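*Asks:*
Protein chains: 2
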Amino acid sequence: MRGLHADTGYLLYRLGLRSGQLFNTSLQESGLRLRHYALLRFLAGSEGALQRELSARLGYDPSAIVGLVDDLERLGLVERRPSPGDRRSRVVVLTAPGRTFLQGSETAGQRVTDELLAPLDSAERETLHTLLRRVAEAGLA
Amino acid sequence: MRGLHADTGYLLYRLGLRSGQLFNTSLQESGLRLRHYALLRFLAGSEGALQRELSARLGYDPSAIVGLVDDLERLGLVERRPSPGDRRSRVVVLTAPGRTFLQGSETAGQRVTDELLAPLDSAERETLHTLLRRVAEAGLA
């Protein structure tokens, strides 16, 4: 029993929490929380998504998604539009102000990363990033 | 804007969520959730901890900690005892059944890790683990 860090899965869970806390702190002045940010980032890489798709991909409850989209729509960062495939359902899309907001928040993301990875040199950071991407690509959106 | 995986900090956050979901699934039959497990694992590496210390180290609200400790105490996995340093406050300690439970759950942790890291070979897993440990040791409990 080696306490907290015995296996990599658990280590990832704990570091993920810490990263999330740092993101939340850096997002505070914008009035958004990390879940809003995650939703915006997901939309930036898509043409728009159904709410149930956001729920499945981000791992948040469907009811939470509705509230997050409401918040972001009020701020003008996303819009609900009729789905091109099915006019009865609506997709959530990033607006131009949403894209601008995300671009502005990239420095915040970089700050979080720098703080978190302070113990590693740049070659090690690159290695870590590459390995994490491969893990992520096997299963994340 | 590269969607989800632009920076390592965010990637860690997203993979941490996924790892947490896998842990929660594997803990289901025990009736515990990941937060209980995290608390037990923290205690396994300590001589006992004040509730406020658990809150600070694990990053959960103080009110959440009280409920988690209540649950675990009911199951006999932890105990509240008078603090050796200050008889007016109480520390939470792992009991012998708590230690046995944790040992039994190590295979669950290993399963989660294997599932998560499936895209990597064993040398790559070792590299990832070493890098994550160094990041964790700089700031985690």
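Chains A and B supply the protein sequences, listed in that same order.
Residue numbers for the first sequence follow our numbering, beginning at 5 and rising by one.
Residue numbers for the second sequence follow our numbering, beginning at 5 and rising by one.
Virtual Cβ for every residue (Gly too), placed ideally from N, Cα, C.
The model shown is predicted, which means the values in this text are computed figures rather than measured ones.
Starting from the beta carbon of residue 123 of chain A, find every residue of chain B whose beta carbon is closer than 8 Å, and list them in chain order.
*Replies:* In chain order: 138, 139, 141 and 142.
*Asks:* In chain B, which residues lie less than 8 Å from residue 117 of chain A when you measure between Cβ atoms?
*Replies:* Going along chain B in sequence order, the residues near residue 117 of chain A (Cβ under 8 Å) are 11, 12, 13 and 14.
*Asks:* Going by the C-beta, is residue 94 of chain B closer than 7 Å to any heavy atom of the ligand MN?
*Replies:* Among the components of this structure there are no ligands whatsoever, and the ligand MN is therefore not found.
*Asks:* Nearest by alpha-carbon distance to residue 12 of chain B: which of A/125, A/121 and A/142 is it?
*Replies:* Here the closest residue by C-alpha is A/121.
*Asks:* With distances taken between CB atoms, is the gap from residue 86 of chain B to residue 94 of chain B smaller than 8 Å?
*Replies:* Closer than 8 Å, so yes.
*Asks:* Could you tell me if residue 96 of chain B is buried or exposed, where buried requires 16 or more neighbouring beta carbons within 10 angstroms of its beta carbon?
*Replies:* Residue 96 of chain B is buried by the Cβ-count criterion.
*Asks:* Would you tell me roughly how many angstroms separate the C-alpha atoms of residue 29 of chain A and residue 112 of chain A, rounded to the nearest one?
*Replies:* Their backbone Cα atoms lie some 10 Å apart in a straight line.
*Asks:* According to the neighbour-count rule (16 or more other Cβ atoms, all chains shown, within 10 Å of its Cβ), is residue 56 of chain B buried or exposed?
*Replies:* Flag for residue 56 of chain B reads exposed.
*Asks:* Can you confirm whether the region 36–53 of chain B touches the region 72–92 of chain B when touching is taken to mean that 3 or more C-beta pairs between the two stretches lie within less than 8 Å?
*Replies:* Short answer: they touch.
*Asks:* Is the region 42–52 of chain B close to the region 119–138 of chain A, with three or more CB pairs under 8 Å?
*Replies:* The region 42–52 of chain B is not in contact with the region 119–138 of chain A.
*Asks:* DSSP three-state call for residue 128 of chain A: helix, strand or coil?
*Replies:* The answer is helix: DSSP assigns residue 128 of chain A an H, G or I state.
*Asks:* What does DSSP give as the partner residues of residue 116 of chain B in its beta bridges?
*Replies:* According to DSSP, which records beta bridges pairwise, residue 116 of chain B is partnered with nothing at all.
*Asks:* If the criterion is Cβ atoms closer than 8 Å, does the pair residue 46 of chain B and residue 61 of chain B meet it?
*Replies:* Contact: yes.
*Asks:* Thinking residue 124 of chain A and residue 99 of chain A are a contact (beta carbons under 8 Å), I'd like their distance in whole angstroms, please.
*Replies:* Contact flag wrong, Cβ pair sits at about 37 Å.
*Asks:* Entirely within the region 27–55 of chain B and at least 4 residues each: give me those alpha helix (DSSP H) ranges in chain order.
*Replies:* List check, alpha helix (DSSP H) in window: 38–48.
*Asks:* DSSP state of residue 123 of chain B, grouped into three classes?
*Replies:* Residue 123 of chain B falls in the coil class under three-state DSSP.
*Asks:* Looking only at its own chain, which residues have a Cβ that is under 6 Å from the Cβ of residue 24 of chain A, when we skip the five neighbours before and after it?
*Replies:* The residues are 38.
*Asks:* For residue 1 of chain A and residue 106 of chain A, which I take to be in contact (beta-carbon distance under 8 Å), what is that distance rounded to the nearest angstrom?
*Replies:* Residue 1 of chain A is absent from the model: chain A starts at 5 and stops at 145.
*Asks:* Compare the C-beta of residue 18 of chain A against all C-beta atoms of chain B and say whether one is closer than 8 Å.
*Replies:* Yes, contact with chain B.
*Asks:* Starting from residue 94 of chain B, follow the beta strand (DSSP E) in both directions and report where the run begins and ends.
*Replies:* Here the beta strand (DSSP E) through residue 94 of chain B covers 94–98.
*Asks:* Which value, in whole angstroms, describes the spacing of the CA atoms of residue 89 of chain B and residue 104 of chain B?
*Replies:* Each residue's Cα considered, the two are about 27 Å apart.
*Asks:* With a cut-off of 8 Å on the beta carbons, I'd call residue 19 of chain A and residue 20 of chain B a contact; round off their distance for me.
*Replies:* That belief holds up - the Cβ atoms of residue 19 of chain A and residue 20 of chain B are roughly 6 Å apart, short of 8 Å.
*Asks:* Taking DSSP as the reference, what is the three-state secondary structure of residue 78 of chain B?
*Replies:* DSSP places residue 78 of chain B in helix when its eight states are reduced to three.
*Asks:* Report the neighbours of residue 131 of chain A on chain C: residues whose CB is nearer than 8 Å to its CB, in chain order.
*Replies:* In the structure shown, chain C cannot be found, because the protein chains are A and B.
*Asks:* Does residue 92 of chain A pass the burial test, meaning 16 or more other C-beta atoms within 10 Å, or should it be called exposed?
*Replies:* By the neighbour-count rule (16 or more Cβ atoms within 10 Å), residue 92 of chain A is not buried but exposed.
*Asks:* According to DSSP, residue 84 of chain B sits in a beta bridge with which residue or residues?
*Replies:* B/96.
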